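Heads up, the thing below is written out as C-alpha cells.
Here it is, written out as C-alpha cells:
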C-alpha cells in the first residue's frame, strides 16, 4: 500500500474535517517517531498505519453508538476485503486493545500508535477550546 492509496481509502470512508485532520496528525506523529527511534526505513509503513487507524470511525457512527465495540472490527473487515497487508490490519486494530479488540500492541510502533492516538486527540481537544485554535501559544 502506498501513501497515495491510503489517502484515497481514508477519504472514501471519512469526509469530516475533524477526522481527516486527526488522521493526518497521527500519521505525521507516527512518521516523526519512526525517524526518531531508528525506524526511518519503515517511516511510510508507520505513517500509513497512523493515517488509517480510525478508518471505520466516521462511516459507522450509529453502530459505534449502540455497539462501540465494533470500532477496529469494521476497519479490519474493510481492509481485508481490499487485500491490504495483514501487518497494517493488525497494527491499526491494535490501537483498540482492551477497548474494542483483543489484539495486543506487540511491535514498538503499535505501542506508540496506542499512545499517540489518545494524546493527539487530547491535544486537539485542548486546541479547539483555545481562542487562538492553535498549539503555538500553549505553555
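In this note's numbering, the protein residues as written are 7 to 145.
Virtual Cβ for every residue (Gly too), placed ideally from N, Cα, C.
Because the structure is a prediction, the values reported are computed rather than measured.
- Message: Using 8 Å for Cβ pairs, my map puts residue 7 next to residue 119. What's the rounded Cβ distance?
- Response: That pair is no contact at about 16 Å.
- In angstroms, rounded to a whole number, what distance separates the CA positions of residue 89 and residue 40? Across the structure, residue 89 and residue 40 are spaced so that their CA atoms are roughly 25 Å apart.
- Query: Secondary structure at residue 133, three-state DSSP: helix, strand or coil?
  - Reply: helix
- Message: By alpha-carbon positions, which one of 43, 82, 76, 65 ends up nearest to residue 55?
- Response: 82
- residue 107 in three-state terms, based on DSSP: strand
- Task: Kindly list the residues whose CB is nearer than 8 Å to the CB of residue 49, restricted to its own chain and excluding five residues on each side of it in sequence; keep chain order.
- Result: Cβ neighbours of residue 49 within its own chain (closer than 8 Å, five residues either side excluded): 37, 40, 41.
- Message: With H, G and I counted as helix, E and B as strand and the rest as coil, what does DSSP make of residue 123?
- Response: DSSP places residue 123 within a helical segment (H, G or I) once states are collapsed to three.
- Message: Between which two residues does the alpha helix (DSSP H) holding residue 10 run?
- Response: 9 to 19
- Message: For residue 126 and residue 28, what's the separation of their Cα atoms in angstroms?
- Response: 8 Å
- Item | Collapsed DSSP secondary structure at residue 45 in the structure displayed | coil
- What is the DSSP secondary structure of residue 22, counted as helix, strand or coil? In the structure shown, residue 22 sits in coil (DSSP, three-state: anything other than H, G, I, E or B).
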